[in-house]
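Student: Here you go, one structure.
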DNA sequence: CTGAAAGCGCTTACAG
DNA sequence: CTGAAAGCGCTTACAG
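Protein chains in written order, with UniProt numbering: chain F, 1 to 340; chain U, 1 to 340.
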């Protein structure tokens with residue numbers, strides 16, 4: 001099957017290729033009657049502009065890039081990215097932008113991918129996740145002048161726009177919830193310490209503990225995987241002063257924590273209360289369902305995608321703050337049982 | 001920053017643009033000395049060929065397409081796709097092929113996306129999942145002559161290559177395992193009935209029940225989500241002759257089933273044994289860990305991607321069969337407790 | 001072995 | 001309002 005081109009349309013409409021281009025792109029330069037005729041023909045023969053030709057003649061590639069910097073085993077269970085991707089797609093598909101995906105093992109490779117995409121003119125811009133302190137990706141994107149939106153922060157992103165999420169408030173809300181139930185020994189299983197949002201959360205947690213006069217703020221670092229979530233939970237529960245409540249930095253680790261508690265014979269929530277950050281269907285899937293910090297991840301992704309498209313279009317975009325996560329109480333939190 | 005082109009390289013090397021193209025693409029037509037000089041310059045200035053120009057001049061777009069036909073809430077928790085994507089990427093990244101992703105709500109939209117990608121020359125081929133009976137996507141891909149590999153089957157895929165997985169054998173293996181433990185009332189929570197692999201599994205399940213002389217083969221249809229997995233489990237456990245073992249068509253529903261059992265006070269595995277098809281980290285995350293039908297999903301994806309690239313290159317490709325899933329016994333299966 | 005040139009299918013100034 | 005033409009950056013026959 002031969003793909004139709006604007007030349008075919010021009011021939012059938014009896015106009016020049018330029019006129020077809022103007023008509024199809026909503027540019028001035030053709031009469032309404034001609035435009036309608038051209039559009040009708042294009043629709044009739046199922047015309048789609050060759051994206052390569054379009055990109056080559058100075059227009060955009062109409063594609064945006066996303067790298068996923070996680071090992072496969074981590075990626076497969078983490079619902080967060082799929083939620084984000086759904087959100088991107090809502091916005092991109094509506095404007096017929098394509099999404100290019102690449103899985104990378106580390107930030108260095110991620111940078112190489114950005115350089116290649118830029119050199120190949122593959123994408124008009126990129127969406128960046130997992131901001132780190134002194135993030136090496138920022139200066140590179142800046143140098144390439146590749147439009148980019150950072151999902152996360154606040155942090156130092158140079159001239160790049162960021163769509164921030166509040167990482168401190170929800171921690172305080174979770175703490176207030178647990179304190180209100182009577183907990184005093186509250187621990188936390190955190191995400192990778194090199195990520196900026198992990199640091200923000202840790203700081204908020206430490207401050208909340210201090211403000212509330214709690215004994216000490218114990219955060220065990222982890223990496224978002226179930227294995228590490230289990231290990232961290234075992235570690236915490238083996239301590240002489242074991243916590244009566246644990247806050248987890250993602251849902252996967254929280255589910256793993258629940259399993260560890262059940263395994264060693266602790267009842268949730270009577271012996272241990274559990275709060276998960278990022279509510280996904282996973283949290284409602286287990287028994288008891290997990291109290292979680294809920295946010296609309298697809299909406300977050302959609303927001304970031306809109307910002308990026310605006311930046312690509314050359315519109316002025318400023319940093320934005322996404323709506324805070326809020327606590328959704330479920331069966332995994334309750335007053336601590338009396339202890340000897 | 002200005003992107004370097006072959007003209008820049010040609011100027012610096014003192015040769016024509018054609019020579020640069022031949023040198024960089026490993027074509028004959030330049031001397032070894034010239035080639036080396038050109039390659040060195042390209043590397044030095046960080047040259048990447050403009051993908052649009054390349055695609056426009058007859059070469060391929062060096063991108064392949066994947067549609068994800070699931071509502072967002074389903075997508076986010078299903079580890080299968082991320083596993084598949086990891087596998088694709090292993091192969092694609094090594095040959096610097098890009099992966100284009102689009103989330104679609106239904107097969108009709110999926111077809112539209114294929115037509116658009118084809119018209120735009122966006123992709124050199126596509127990877128197709130979730131084969132159905134009389135699948136409407138097959139004739140369209142055939143008509144467009146868009147290279148495609150179907151992941152799944154066996155089924156009618158016309159001239160399209162398929163990478164099959166064995167959907168019957170593992171069901172029989174799971175049944176044998178449960179029968180060996182002493183179960184007689186075994187039920188199944190199946191995937192969407194319109195999908196071909198669901199039908200194959202249902203048939204295998206029915207036959208196994210008959211062969212083994214089990215009372216009846218009860219399959220409750222579901223849609224891979226936790227909600228539906230819960231509902232199906234509640235339904236099964238409320239029956240007068242409630243099953244002592246349930247086989248689930250995916251891991252998410254199995255986890256949900258475990259939670260339902262715990263919620264209504266049944267002990268797993270004493271009162272109810274659970275087997276999950278598709279072993280993901282999720283299965284080892286819960287307590288007790290789930291006995292599962294394990295297969296290497298990333299390897300499956302990598303295999304399909306290799307087949308597709310071969311097909312795109314015009315090499316003869318034939319249908320292939322992926323290695324069968326095998327049973328990994330864990331804590332969720334045991335002999336049924338004595339019942340009154 | 002190398003160079004000059006056509007062409008892929010669009011977009012976009014530039015004339016009429 | 002419309003047409004003819006240049007140009008984007010490659011690839012690839014076609015001459016030398």
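Built from N, CA and C at the ideal position, the CB exists for glycine as well.
Considering only the beta carbon of each residue, do residue 341/F and residue 327/F sit closer than 8 Å?
Tutor: Here chain F has residues from 1 to 340 only, and residue 341/F is not among them.
Student: For residue 65/U, count the other beta carbons within 10 Å of its own beta carbon; 16 or more makes it buried, fewer makes it exposed. Which is it?
Tutor: buried
Student: Quick one: Cα of residue 337/F to Cα of residue 133/F, how far?
Tutor: Within the model, the alpha-carbon separation for residue 337/F versus residue 133/F is close to 40 Å.
Student: Contact criterion: CB-CB distance below 8 Å. Does residue 259/F meet it with respect to chain U?
Tutor: Yes, residue 259/F lies at the interface with chain U (some Cβ there is under 8 Å from its Cβ).
Student: Please name the residues in the region 260-283 of chain U whose beta-carbon is closer than 7 Å to at least one beta-carbon of chain F, in chain order.
Tutor: 262, 263, 280, 281, 282
Student: Compare the C-alpha of residue 111/U against each of 146/U, 317/U, 185/U and name the closest.
Tutor: 146/U
Student: Strictly under 8 Å for the Cβ-Cβ distance: is residue 25/F near chain U by that measure?
Tutor: no
Student: Whole-angstrom Cβ separation of residue 192/F and residue 223/F, contact assumed at under 8 Å?
Tutor: 5 Å
Student: Could you pull out every residue in the same chain whose Cβ sits closer than 6 Å to the Cβ of residue 206/F, ignoring the five residues on either side in sequence?
Tutor: 217
Student: Going by other Cβ atoms of all chains shown within 10 Å of its Cβ, with 16 needed for buried, is residue 151/F buried or exposed?
Tutor: buried
Student: Residue range of the alpha helix (DSSP H) that residue 252/U falls in?
Tutor: 251-263
Student: Please identify the residue among 94/U, 129/U, 5/U, 23/U whose C-alpha is closest to the C-alpha of residue 53/U.
Tutor: 5/U
Student: Assign residue 256/F to one of two classes, buried (16 or more other C-beta atoms within 10 Å of its C-beta) or exposed (fewer than that).
Tutor: With 16 or more other CB atoms across the displayed protein chains lying within 10 angstroms of its CB, residue 256/F is buried.
Student: Where do the N-terminal and C-terminal ends of the beta strand (DSSP E) with residue 245/U fall, by residue?
Tutor: 245-248
Student: Could you tell me which residues DSSP pairs with residue 277/U in its beta bridges?
Tutor: 293/U
Student: Please list the segments of the alpha helix (DSSP H) lying wholly inside the region 285-336 of chain U, counting only runs of 4 or more residues, in order along the chain.
Tutor: Note on the region 285-336 of chain U: whole alpha helix (DSSP H) runs with a minimum of 4 residues are 297-312, in chain order.
Student: For residue 210/U, which residues from the same chain have a beta carbon less than 8 Å from its beta carbon, with the 5 sequence-adjacent residues on both sides left out?
Tutor: 217
Student: State the DSSP-derived secondary structure class of residue 145/F, mapped to helix, strand or coil.
Tutor: coil
Student: Whole-angstrom Cβ separation of residue 148/U and residue 125/U, contact assumed at under 8 Å?
Tutor: Contact between residue 148/U and residue 125/U holds, since their C-beta atoms are separated by about 6 Å, short of 8 Å.
Student: Under the three-state reduction of DSSP, which class applies to residue 5/U: helix, strand or coil?
Tutor: coil
Student: Kindly list, in the order they appear in chain F, the residues whose Cβ is closer than 7 Å to that of residue 193/U.
Tutor: Those do not exist, as residue 193/U stays about 22 Å from chain F at its closest Cβ, beyond 7 Å.
Student: Going by beta carbon distance, what residues of the same chain come within less than 6 Å of residue 340/F, once the five residues before and after it are set aside?
Tutor: No answer about residue 340/F holds up, because its pLDDT of 40 lies below 50 and its placement is not dependable.
Student: Can you tell me which of 20/F, 313/F, 333/F, 297/F puts its alpha carbon nearest to the alpha carbon of residue 322/F?
Tutor: 297/F
Student: Determine, using beta carbons only, whether residue 76/F comes closer than 8 Å to chain U.
Tutor: yes
Student: Inspect the beta-carbon positions of residue 379/U and residue 30/U and report whether they are closer than 8 Å.
Tutor: Given a span of 1 to 340 for chain U in the structure shown, any question on residue 379/U remains unanswerable.
Student: So if I threshold CB-CB distances at 9 Å, which residues from the region 227-244 of chain U count as touching chain F?
Tutor: Answer in chain order: 227, 229, 230.
Student: Based on the DSSP secondary-structure assignment, which residues constitute the bridge partners of residue 102/F?
Tutor: 67/F
Student: Please confirm whether residue 288/F and residue 260/F have their CB atoms less than 8 Å apart.
Tutor: For the 8 Å CB-CB criterion, residue 288/F and residue 260/F do not form a contact.
Student: Grouping DSSP H, G and I as helix and E and B as strand, with all else coil, what is residue 126/U?
Tutor: strand
Student: Measuring CA to CA, which of 171/F, 96/F, 316/F, 122/F is closest to residue 278/F?
Tutor: 171/F
Student: Report yes or no: is there a C-beta of chain U within less than 8 Å of the C-beta of residue 31/F?
Tutor: no
Student: Using C-beta distances below 8 Å, list every residue in its chain close to residue 281/F, excluding the 5 sequence neighbours before and after it, in chain order.
Tutor: 79
Student: Could one say the Cβ of residue 93/F lies closer than 8 Å to chain U's Cβ atoms, at least one of them?
Tutor: yes
Student: Assuming residue 190/F contacts residue 221/F under a Cβ cut-off of 8 Å, what Cβ separation, rounded to an integer in Å, is found between them?
Tutor: 5 Å
Student: If the cut-off is 9 Å on Cβ atoms, which residues from the region 285-306 of chain F count as contacting chain U, listed in chain order?
Tutor: 285, 286, 287, 288, 289, 297, 298
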